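The structure appears below as structure tokens.
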Amino acid sequence: MSRKGIIQDNLTKSDPNLKINQVIEEKAVYRVLGKLTYRLTVCAYCYTRNMVKNGFKTVYIRDIPFNNKPIILQIAKQRFLCKACHRSTIAQTKLVKKHAQLTQRLKFSLINYLAQDLAVDHVAQKLNVSPVSVNRIVTELHEQWIPPQAALPTHLSFDEVRTTQHQMSFLAINAENGDLVTLLPDRLAKNIISHFERRYSLAVRQAVKSVVLDFNSSYHTFVKRLFPNAKIIADRLHLIQMLNRGINQTRISVMHQFNWHSRQYRLLKYYWKLYLKPFDQ
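Under this note's numbering, the first residue of the sequence shown is numbered 1, with each subsequent residue one higher.
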């Protein structure tokens with residue numbers, strides 16, 4: 001059997017609903033063109049039996065390399081439309097998880113290499129994926145196997161901190177003693193929510209009484225979801241910073257209304273610290 005035939009036969013056996021139309025051997029990659037379709041009768045949203053086929057959506061998925069050449073699956077997935085609730089559903093295959101771009105067997109192969117204590121860069125090069133993808137899969141596995149934590153501090157504080165490559169990371173600390181609770185590599189709401197829901201049970205999260213936030217963050221949009229009984233408290237440091245900024249902006253605005261040779265201009269420019277002191281001082 002030819003190399004193209006082996007690839008086609010392997011994919012067809014993996015999912016009978018996947019029809020392979022063509023396998024193209026390019027200079028640096030095998031490109032597999034296929035179509036995924038099947039019969040769907042019940043809507044996953046409203047559970048009515050009123051589904052119709054509604055075109056295709058093309059996705060690109062990376063599979064295990066063959067003869068040291070990457071395999072790119074260019075799959076036209078069937079789109080289904082519910083005539084009752086007007087919501088769409090895309091055909092799914094056991095080859096790859098929903099919204100993922102790497103096949104399951106590629107992930108399993110990656111895990112197998114990591115179990116042999118190989119470097120991340122070496123595994124990424126061997127499977128023709130990026131080191132970022134390898135680290136992401138390791139993080140997913142880590143999250144799955146971490147048991148729920150026993151407790152959280154009664155009072156939490158959320159903030160951002162600049163980490164490697166000038167990226168802003170999410171920081172959660174104990175608001176009473178400053179101990180680190182968690183540090184996440186980004187500030188995406190979905191990742192923060194996933195972290196706390198996976199690590200801590202609802203009972204543990206319900207015991208949190210307050211969460212301290214700065215004025216500029218969007219964390220308040222999901223704090224109540226994660227910590228139903230917690231009060232949101234504005235961070236005093238950020239409040240003071242905002243007041244100082246507002247006073248300085250007002251001082252500069254008034255200062256520019258005078259001639260720069262005038263006494264009023266000089267008083268506003270050179271004695272700026274005076275305007276930040278308490279009134280009785």
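C-beta atoms are modelled at their ideal positions from N, C-alpha and C, and glycine is treated no differently.
Please read all numbers here as calculations on a predicted model, not as lab measurements.
Starting from residue 197, trace the alpha helix (DSSP H) both ways and give me its first and last residue.
-> 189-199
In three-state terms, what does DSSP make of residue 74?
-> Residue 74 falls in the strand class under three-state DSSP.
Where residue 263 and residue 236 are concerned, what is the direct C-alpha to C-alpha distance, given to the nearest angstrom?
-> Between residue 263 and residue 236, the C-alpha separation is close to 35 Å.
By Cβ distance, which residues of its chain are closer than 8 Å to residue 38, with the 5 residues on each side in sequence left out?
-> These residues qualify, in order along the chain: 17, 78, 91.
So what's residue 157 in DSSP terms, helix, strand or just coil?
-> It is a strand residue.
Would you say residue 74 and residue 32 are within 8 Å of each other, going by their C-beta atoms?
-> Yes.
Can you tell me the Cα-Cα spacing of residue 27 and residue 66, whole angstroms?
-> 13 Å
Beta-carbon contacts of residue 168 that lie in its chain and below 8 Å, excluding the five residues immediately before and after = The beta carbon of residue 168 is closer than 8 Å to those of 160, 161, 162, 186, 187 in its chain, skipping five residues each way along the sequence.
Unbroken alpha helix (DSSP H) run spanning residue 121, endpoints = 120-127
Flag this pair as touching only if the region 104-113 and the region 125-144 have three or more C-beta atom pairs under 8 Å; answer yes or no.
-> Yes: at least three Cβ pairs fall under 8 Å.
So is residue 230 buried or exposed if we call it buried at 16+ other beta carbons inside 10 Å?
-> Buried, since its Cβ has 16 or more Cβ neighbours within 10 Å.
Residue from 24, 59, 64, 84 with nearest C-alpha to residue 51 = 84
Using DSSP with H/G/I as helix, E/B as strand and the rest coil, what is residue 218?
-> coil
CA-to-CA distance, residue 48 to residue 13, given in whole angstroms | 31 Å
Which of the three DSSP states, helix, strand or coil, is assigned to residue 279?
-> coil
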